[in-house]
Amino acid sequence: MDAKSQLLLRNPSHFAGTVLLAGLPADDLLKALPQAFGWSWQMDAYTPLTRSTDGRCHFGIEPPSTEFAAAVLFLPKSREQTDYLLTQLAARLAGRPLYLVGEKRAGIERAAKQLQAFGSPHKIDSARHCQLWRVLVEQSPPAPVLGEWTKHYRVPLADGELRVISLPGVFAHGHLDAGTALLLEQLNALPRGPILDFGCGAGVLGAALARRYPDQSVTLLDSCAFALHSAHLTLAANSVEAKVQAACGIADAKQDFAAIISNPPFHQGIATCYQTTEDLLREARSHLVRGGELRIVANRFLKYPPILSQYLGSCETMAERGGFHVLRAVNQRAK
(Lines of atoms letter the chains of each structure in order from A and count residues from 1; the text may use other names and numbers.)
(Lines give C-alpha, C1' and ligand atoms only; values in the text may rest on other atoms or scores of the structure.)
Protein backbone atom coordinates (compact mmCIF):
# COMPACT_ATOMS: atom_id res chain seq x y z
CA MET A 1 0.00 0.00 0.00
CA ASP A 2 1.17 3.52 -0.78
CA ALA A 3 3.04 5.20 2.10
CA LYS A 4 0.58 8.13 2.10
CA SER A 5 -2.35 5.75 2.45
CA GLN A 6 -0.60 4.01 5.34
CA LEU A 7 -0.20 7.36 7.05
CA LEU A 8 -3.96 7.92 6.90
CA LEU A 9 -4.65 4.47 8.30
CA ARG A 10 -2.35 5.25 11.24
CA ASN A 11 -4.92 7.89 12.20
CA PRO A 12 -8.27 6.08 11.88
CA SER A 13 -10.23 8.45 14.15
CA HIS A 14 -9.91 11.21 11.54
CA PHE A 15 -11.24 9.14 8.63
CA ALA A 16 -14.02 6.94 9.97
CA GLY A 17 -16.92 8.79 8.28
CA THR A 18 -17.85 9.96 4.80
CA VAL A 19 -14.44 11.21 3.72
CA LEU A 20 -13.62 12.23 0.17
CA LEU A 21 -10.18 11.00 -0.90
CA ALA A 22 -9.06 13.30 -3.70
CA GLY A 23 -6.26 12.14 -6.00
CA LEU A 24 -5.91 8.88 -4.12
CA PRO A 25 -3.46 6.19 -5.28
CA ALA A 26 -4.67 2.95 -6.85
CA ASP A 27 -4.28 0.82 -3.74
CA ASP A 28 -6.56 -0.70 -1.07
CA LEU A 29 -7.22 2.50 0.89
CA LEU A 30 -10.87 2.72 -0.20
CA LYS A 31 -11.40 -0.88 0.82
CA ALA A 32 -9.94 -0.11 4.24
CA LEU A 33 -12.27 2.90 4.66
CA PRO A 34 -15.72 1.53 3.72
CA GLN A 35 -17.56 4.86 4.23
CA ALA A 36 -15.09 6.86 2.17
CA PHE A 37 -15.27 7.53 -1.54
CA GLY A 38 -12.72 8.69 -4.06
CA TRP A 39 -12.21 11.42 -6.62
CA SER A 40 -9.59 10.82 -9.29
CA TRP A 41 -8.57 12.80 -12.36
CA GLN A 42 -6.16 10.10 -13.57
CA MET A 43 -7.76 7.31 -15.60
CA ASP A 44 -4.93 4.88 -14.81
CA ALA A 45 -5.75 5.23 -11.09
CA TYR A 46 -9.52 5.52 -11.49
CA THR A 47 -9.98 2.35 -13.56
CA PRO A 48 -8.63 -0.17 -11.02
CA LEU A 49 -10.27 1.74 -8.15
CA THR A 50 -13.74 1.69 -9.67
CA ARG A 51 -13.43 -2.01 -10.44
CA SER A 52 -12.50 -2.95 -6.89
CA THR A 53 -14.68 -0.62 -4.77
CA ASP A 54 -18.25 -0.95 -6.08
CA GLY A 55 -18.16 2.34 -7.94
CA ARG A 56 -17.13 4.45 -4.95
CA CYS A 57 -14.83 6.55 -7.10
CA HIS A 58 -15.56 9.56 -9.32
CA PHE A 59 -13.56 10.65 -12.39
CA GLY A 60 -13.39 14.27 -13.51
CA ILE A 61 -12.04 17.76 -12.89
CA GLU A 62 -14.63 18.61 -10.23
CA PRO A 63 -15.52 16.71 -7.03
CA PRO A 64 -18.61 14.51 -6.94
CA SER A 65 -21.89 16.09 -5.86
CA THR A 66 -22.14 13.74 -2.87
CA GLU A 67 -21.90 15.42 0.53
CA PHE A 68 -18.82 14.59 2.59
CA ALA A 69 -17.85 15.30 6.18
CA ALA A 70 -14.15 15.78 5.44
CA ALA A 71 -11.76 15.59 2.53
CA VAL A 72 -8.16 14.54 1.98
CA LEU A 73 -6.09 15.86 -0.91
CA PHE A 74 -3.16 13.71 -1.98
CA LEU A 75 -0.62 16.32 -3.01
CA PRO A 76 -0.31 16.62 -6.80
CA LYS A 77 2.86 17.71 -8.57
CA SER A 78 1.66 21.13 -9.72
CA ARG A 79 1.34 23.99 -7.24
CA GLU A 80 -1.33 25.65 -9.39
CA GLN A 81 -3.32 22.44 -9.49
CA THR A 82 -2.97 22.14 -5.72
CA ASP A 83 -4.44 25.64 -5.40
CA TYR A 84 -7.38 24.74 -7.62
CA LEU A 85 -8.10 21.44 -5.87
CA LEU A 86 -7.84 22.90 -2.36
CA THR A 87 -10.20 25.69 -3.38
CA GLN A 88 -12.67 23.16 -4.84
CA LEU A 89 -12.64 21.16 -1.62
CA ALA A 90 -12.64 24.05 0.84
CA ALA A 91 -15.65 25.57 -0.96
CA ARG A 92 -17.60 22.45 0.06
CA LEU A 93 -16.25 22.13 3.61
CA ALA A 94 -17.28 25.19 5.63
CA GLY A 95 -16.74 24.33 9.29
CA ARG A 96 -15.34 20.90 8.44
CA PRO A 97 -11.79 19.51 8.19
CA LEU A 98 -9.62 19.45 5.10
CA TYR A 99 -6.49 17.29 5.08
CA LEU A 100 -3.39 17.39 2.90
CA VAL A 101 -1.01 14.44 2.63
CA GLY A 102 2.15 14.09 0.60
CA GLU A 103 5.82 13.25 0.47
CA LYS A 104 8.47 15.55 1.86
CA ARG A 105 10.38 15.44 -1.42
CA ALA A 106 7.19 16.53 -3.22
CA GLY A 107 7.07 19.70 -1.13
CA ILE A 108 4.37 18.85 1.40
CA GLU A 109 5.69 21.39 3.94
CA ARG A 110 5.54 24.18 1.36
CA ALA A 111 2.13 23.05 0.15
CA ALA A 112 0.78 22.96 3.71
CA LYS A 113 1.19 26.74 3.80
CA GLN A 114 -1.50 26.93 1.11
CA LEU A 115 -3.95 25.70 3.75
CA GLN A 116 -3.54 28.98 5.62
CA ALA A 117 -6.05 30.59 3.27
CA PHE A 118 -8.80 28.55 4.96
CA GLY A 119 -7.80 28.45 8.64
CA SER A 120 -4.95 27.44 10.93
CA PRO A 121 -3.27 24.26 9.66
CA HIS A 122 -1.32 21.89 11.84
CA LYS A 123 0.57 18.66 11.24
CA ILE A 124 -1.21 15.49 12.37
CA ASP A 125 1.45 12.87 11.70
CA SER A 126 4.68 12.13 9.86
CA ALA A 127 6.06 8.76 8.77
CA ARG A 128 7.91 7.11 5.88
CA HIS A 129 8.99 10.48 4.47
CA CYS A 130 5.35 11.65 4.29
CA GLN A 131 3.35 14.20 6.29
CA LEU A 132 -0.35 14.60 7.06
CA TRP A 133 -1.77 18.09 7.68
CA ARG A 134 -5.23 19.25 8.81
CA VAL A 135 -7.10 22.54 8.70
CA LEU A 136 -10.60 23.31 9.92
CA VAL A 137 -12.13 25.35 7.11
CA GLU A 138 -13.08 28.63 8.79
CA GLN A 139 -12.83 30.78 5.66
CA SER A 140 -14.66 28.83 2.98
CA PRO A 141 -13.98 30.30 -0.48
CA PRO A 142 -16.53 30.51 -3.29
CA ALA A 143 -16.48 27.55 -5.67
CA PRO A 144 -13.84 28.20 -8.31
CA VAL A 145 -14.96 29.28 -11.78
CA LEU A 146 -13.09 27.01 -14.16
CA GLY A 147 -12.54 29.68 -16.81
CA GLU A 148 -10.61 31.79 -14.31
CA TRP A 149 -8.05 29.00 -13.89
CA THR A 150 -7.23 28.53 -17.58
CA LYS A 151 -4.16 29.88 -19.33
CA HIS A 152 -4.21 30.90 -23.00
CA TYR A 153 -1.34 31.14 -25.44
CA ARG A 154 -0.87 31.24 -29.20
CA VAL A 155 1.40 29.16 -31.42
CA PRO A 156 2.37 30.57 -34.83
CA LEU A 157 2.27 27.85 -37.50
CA ALA A 158 2.67 27.87 -41.28
CA ASP A 159 -1.07 27.35 -41.79
CA GLY A 160 -2.10 29.97 -39.23
CA GLU A 161 -1.97 30.75 -35.55
CA LEU A 162 -3.10 28.05 -33.12
CA ARG A 163 -4.85 29.00 -29.89
CA VAL A 164 -4.14 26.77 -26.89
CA ILE A 165 -6.04 26.66 -23.60
CA SER A 166 -4.77 24.69 -20.62
CA LEU A 167 -5.80 23.96 -17.05
CA PRO A 168 -3.61 23.60 -13.95
CA GLY A 169 -1.78 20.29 -13.81
CA VAL A 170 -1.62 19.84 -17.58
CA PHE A 171 1.85 19.34 -19.03
CA ALA A 172 3.53 22.66 -19.96
CA HIS A 173 0.58 24.60 -18.51
CA GLY A 174 0.40 27.99 -20.20
CA HIS A 175 3.30 27.67 -22.62
CA LEU A 176 4.59 25.63 -25.57
CA ASP A 177 7.32 23.22 -24.53
CA ALA A 178 10.43 22.78 -26.69
CA GLY A 179 9.73 19.13 -27.54
CA THR A 180 6.23 19.79 -28.85
CA ALA A 181 7.51 22.81 -30.79
CA LEU A 182 10.01 20.57 -32.59
CA LEU A 183 7.42 17.88 -33.30
CA LEU A 184 4.98 20.47 -34.72
CA GLU A 185 7.55 21.09 -37.46
CA GLN A 186 7.52 17.41 -38.47
CA LEU A 187 3.84 16.73 -39.16
CA ASN A 188 3.93 16.90 -42.96
CA ALA A 189 3.16 14.05 -45.35
CA LEU A 190 1.47 11.72 -42.91
CA PRO A 191 -0.10 8.57 -44.36
CA ARG A 192 -3.78 8.82 -45.23
CA GLY A 193 -6.13 7.45 -42.61
CA PRO A 194 -7.01 7.93 -38.93
CA ILE A 195 -4.48 9.78 -36.75
CA LEU A 196 -3.88 9.43 -33.00
CA ASP A 197 -2.39 12.10 -30.72
CA PHE A 198 -1.20 9.95 -27.82
CA GLY A 199 -0.83 11.78 -24.49
CA CYS A 200 -2.49 14.85 -25.97
CA GLY A 201 -2.11 17.20 -22.99
CA ALA A 202 -3.74 20.54 -23.83
CA GLY A 203 -4.38 19.38 -27.40
CA VAL A 204 -1.67 21.32 -29.22
CA LEU A 205 -0.68 18.51 -31.58
CA GLY A 206 -4.21 17.17 -31.96
CA ALA A 207 -5.66 20.56 -32.91
CA ALA A 208 -2.82 21.19 -35.37
CA LEU A 209 -3.39 17.76 -36.93
CA ALA A 210 -7.16 18.22 -37.16
CA ARG A 211 -6.68 21.51 -38.98
CA ARG A 212 -3.94 20.25 -41.30
CA TYR A 213 -5.72 16.98 -42.20
CA PRO A 214 -9.44 17.94 -42.20
CA ASP A 215 -10.47 14.90 -44.25
CA GLN A 216 -8.84 12.43 -41.81
CA SER A 217 -10.25 11.49 -38.42
CA VAL A 218 -8.12 12.57 -35.46
CA THR A 219 -8.29 11.13 -31.94
CA LEU A 220 -6.76 12.80 -28.88
CA LEU A 221 -6.01 10.40 -26.03
CA ASP A 222 -4.88 11.11 -22.47
CA SER A 223 -5.25 9.65 -18.99
CA CYS A 224 -5.73 13.00 -17.21
CA ALA A 225 -9.19 14.60 -16.94
CA PHE A 226 -7.63 18.08 -16.80
CA ALA A 227 -5.77 17.39 -20.05
CA LEU A 228 -8.90 16.03 -21.73
CA HIS A 229 -10.93 19.10 -20.76
CA SER A 230 -8.11 21.36 -21.96
CA ALA A 231 -8.01 19.48 -25.27
CA HIS A 232 -11.76 20.06 -25.74
CA LEU A 233 -11.24 23.78 -25.08
CA THR A 234 -8.31 23.98 -27.52
CA LEU A 235 -10.23 22.21 -30.29
CA ALA A 236 -13.20 24.55 -29.83
CA ALA A 237 -10.94 27.63 -29.77
CA ASN A 238 -9.60 26.65 -33.21
CA SER A 239 -12.97 25.58 -34.65
CA VAL A 240 -11.77 22.06 -35.42
CA GLU A 241 -13.32 18.72 -34.56
CA ALA A 242 -11.69 15.56 -33.23
CA LYS A 243 -12.47 12.73 -30.86
CA VAL A 244 -11.16 13.13 -27.29
CA GLN A 245 -10.75 9.88 -25.36
CA ALA A 246 -9.87 9.05 -21.75
CA ALA A 247 -7.54 6.05 -21.57
CA CYS A 248 -5.00 4.41 -19.32
CA GLY A 249 -2.56 3.87 -22.18
CA ILE A 250 -2.16 2.79 -25.77
CA ALA A 251 -3.94 -0.51 -25.05
CA ASP A 252 -7.20 1.46 -24.77
CA ALA A 253 -6.87 2.85 -28.30
CA LYS A 254 -9.19 0.54 -30.24
CA GLN A 255 -8.75 1.82 -33.78
CA ASP A 256 -6.11 0.95 -36.36
CA PHE A 257 -4.33 4.20 -37.14
CA ALA A 258 -2.38 5.37 -40.15
CA ALA A 259 -0.24 7.52 -37.84
CA ILE A 260 0.40 7.90 -34.12
CA ILE A 261 1.91 11.23 -33.05
CA SER A 262 3.17 11.78 -29.53
CA ASN A 263 5.21 13.81 -27.13
CA PRO A 264 4.98 10.90 -24.69
CA PRO A 265 5.05 11.31 -20.92
CA PHE A 266 7.87 10.03 -18.78
CA HIS A 267 6.85 11.41 -15.40
CA GLN A 268 4.23 10.11 -13.00
CA GLY A 269 3.77 12.56 -10.15
CA ILE A 270 7.24 13.60 -9.07
CA ALA A 271 8.79 10.27 -10.10
CA THR A 272 10.31 9.42 -13.45
CA CYS A 273 8.28 6.66 -15.08
CA TYR A 274 8.88 5.33 -18.60
CA GLN A 275 6.28 2.55 -18.52
CA THR A 276 3.55 4.35 -20.49
CA THR A 277 5.96 5.35 -23.25
CA GLU A 278 7.65 1.97 -23.41
CA ASP A 279 4.23 0.35 -23.70
CA LEU A 280 3.50 2.69 -26.60
CA LEU A 281 6.73 1.75 -28.38
CA ARG A 282 6.16 -1.97 -27.90
CA GLU A 283 2.44 -1.99 -28.72
CA ALA A 284 2.25 0.63 -31.48
CA ARG A 285 2.37 -2.12 -34.11
CA SER A 286 -0.95 -3.47 -32.82
CA HIS A 287 -2.57 -0.07 -33.37
CA LEU A 288 -0.99 0.85 -36.71
CA VAL A 289 -1.91 -0.37 -40.16
CA ARG A 290 0.91 -1.92 -42.12
CA GLY A 291 2.92 1.03 -43.44
CA GLY A 292 1.54 3.26 -40.67
CA GLU A 293 3.90 5.65 -38.91
CA LEU A 294 4.79 6.45 -35.33
CA ARG A 295 6.35 9.89 -34.85
CA ILE A 296 7.48 10.88 -31.37
CA VAL A 297 9.67 13.52 -29.79
CA ALA A 298 11.89 12.60 -26.87
CA ASN A 299 14.97 13.67 -24.98
CA ARG A 300 18.03 12.40 -26.77
CA PHE A 301 19.26 10.57 -23.68
CA LEU A 302 16.25 8.23 -23.91
CA LYS A 303 17.28 5.15 -25.88
CA TYR A 304 14.10 4.66 -27.87
CA PRO A 305 15.47 3.94 -31.41
CA PRO A 306 16.49 0.32 -30.64
CA ILE A 307 13.05 -0.38 -29.17
CA LEU A 308 11.31 1.12 -32.21
CA SER A 309 13.50 -0.83 -34.60
CA GLN A 310 12.81 -4.05 -32.71
CA TYR A 311 9.03 -3.73 -32.69
CA LEU A 312 8.26 -1.77 -35.86
CA GLY A 313 11.13 -2.65 -38.13
CA SER A 314 12.68 0.74 -38.88
CA CYS A 315 13.52 4.02 -37.17
CA GLU A 316 15.00 7.30 -38.35
CA THR A 317 15.71 10.69 -36.79
CA MET A 318 13.74 13.43 -38.55
CA ALA A 319 15.02 16.45 -36.59
CA GLU A 320 17.15 17.41 -33.59
CA ARG A 321 17.27 20.56 -31.50
CA GLY A 322 17.90 21.60 -27.93
CA GLY A 323 18.38 18.12 -26.52
CA PHE A 324 15.33 16.66 -28.29
CA HIS A 325 14.96 14.52 -31.38
CA VAL A 326 11.94 13.54 -33.45
CA LEU A 327 11.88 9.84 -34.30
CA ARG A 328 9.92 8.28 -37.15
CA ALA A 329 9.20 4.58 -37.32
CA VAL A 330 7.21 2.79 -40.01
CA ASN A 331 5.29 -0.38 -39.22
CA GLN A 332 6.80 -2.89 -41.63
CA ARG A 333 5.48 -5.96 -39.88
CA ALA A 334 2.19 -7.81 -40.01
CA LYS A 335 0.25 -7.99 -36.75
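Heads up, the sequence shown is in UniProt numbering, so the first residue is 1 and it goes up one at a time.
By construction, the Cβ of each residue, glycine as well, lies at the ideal position given by its N, Cα and C atoms.
Simplified DSSP assignment, three categories, for D83 = Residue mapping note: residue 83 aligns to position 83 of the sequence shown, counting from 1. DSSP places D83 in helix when its eight states are reduced to three.
Do you know how far the Cα of A117 is from the Cα of D125?
-> For this step, residue 125 is matched to residue 125 along the sequence shown. For this step, residue 117 is matched to residue 117 along the sequence shown. About 21 Å.
Taking the continuous alpha helix (DSSP H) assigned at P48, which residues delimit it?
-> To locate residue 48, count along the sequence shown from 1; it is residue 48. M43 to S52 is the span of the alpha helix (DSSP H), which, as asked, contains P48.
Are L327 and P305 closer than 8 Å when you measure CB to CB?
-> Residue 327 sits at position 327 when you count from the first residue of the sequence shown. Residue 305 sits at position 305 when you count from the first residue of the sequence shown. The answer is yes: Cβ separation under 8 Å.
First and last residue of the uninterrupted alpha helix (DSSP H) at I61 = As a first step, residue 61 is located in the sequence shown; it is residue number 61 there, counting from the start. Segment: none, I61 is in no alpha helix (DSSP H) and carries neither H nor E.
Cutoff 7 Å; reference L182; Cβ partners in own chain excluding five residues on either side | Residue mapping note: residue 182 aligns to position 182 of the sequence shown, counting from 1. Counting only Cβ-Cβ distances below 7 Å, and skipping sequence neighbours, we find V297, A319, R321, F324 and V326.
Candidates A242, P264 and C224: closest to P214 by CA position | In the sequence shown, counting from the first residue as 1, residue 214 sits at position 214. For the residues A242, P264 and C224, the minimum Cα distance to P214 belongs to A242.
R56, DSSP secondary structure in three states = The residue given as residue 56 occupies position 56 in the sequence shown. Three-state result, R56: coil.
For the alpha helix (DSSP H) containing V204, list its first residue and its last residue.
-> Indexing the sequence shown from 1 puts residue 204 at position 204. Taken as a continuous stretch (DSSP letters only), the alpha helix (DSSP H) holding V204 covers V204 to R212.
Contact check, I250 vs E283 under 8 Å by CB: the rounded distance?
-> As a working note, residue 250 is residue 250 in the sequence shown. As a working note, residue 283 is residue 283 in the sequence shown. The pair is a contact, with the Cβ atoms about 5 Å apart (cut-off 8 Å).
Are the CB atoms of A26 and C130 nearer to each other than 8 Å?
-> Taking the sequence shown and counting its residues from 1, the one referred to as residue 26 is at position 26. Taking the sequence shown and counting its residues from 1, the one referred to as residue 130 is at position 130. No, the Cβ-Cβ distance between A26 and C130 is not below 8 Å.
Give every residue of the same chain whose Cβ lies closer than 7 Å to the Cβ of G179, excluding the five residues on either side of it in the sequence, and list them in chain order.
-> Here the question's residue 179 lines up with position 179 in the sequence shown. Only N263, V297 and F324 meet the Cβ criterion.
Could you have a look at R128 and say whether DSSP puts it in helix, strand or coil?
-> Looking up residue 128 in the sequence shown gives position 128. R128: coil per DSSP, three-state reduction.
Give the DSSP bridge partners of K123, in chain order.
-> Residue mapping note: residue 123 aligns to position 123 of the sequence shown, counting from 1. Its beta-bridge partners are W133.
Would you identify the three-state DSSP class for D197, choosing helix, strand or coil?
-> Looking up residue 197 in the sequence shown gives position 197. In this structure, D197 counts as strand in the three-state DSSP scheme.
Counting only runs of 4+ residues fully inside the region 252 to 299, write out the alpha helix (DSSP H) ranges in chain order.
-> 275 to 287
S239 versus R51 - alpha carbon distance = Position 239 of the sequence shown holds residue 239. Position 51 of the sequence shown holds residue 51. S239 and R51: Cα-Cα distance of roughly 37 Å.
Would you please state the rounded distance, in angstroms, between the beta carbons of L167 and S230? I believe it to be under 8 Å.
-> Translated into the one-based positions of the sequence shown, residue 167 becomes position 167. Translated into the one-based positions of the sequence shown, residue 230 becomes position 230. The Cβ separation is near 5 Å, so the contact holds.
Buried or exposed (CB count within 10 angstroms, at least 16 for buried), V218 = Along the sequence shown, read from residue 1 onward, the residue named residue 218 stands at position 218. Label assigned to V218: buried.
Run the CB neighbour count on P121, radius 10 Å, all protein chains shown included, and call it buried at 16 or more, exposed below.
-> Position 121 of the sequence shown, counting from 1, holds the residue named residue 121. Answer is buried; the Cβ neighbour count reaches 16.
Locate the alpha helix (DSSP H) running through S230, then write down its first and last residues.
-> Taking the sequence shown and counting its residues from 1, the one referred to as residue 230 is at position 230. A225 to A237 is the extent of the alpha helix (DSSP H) around S230.
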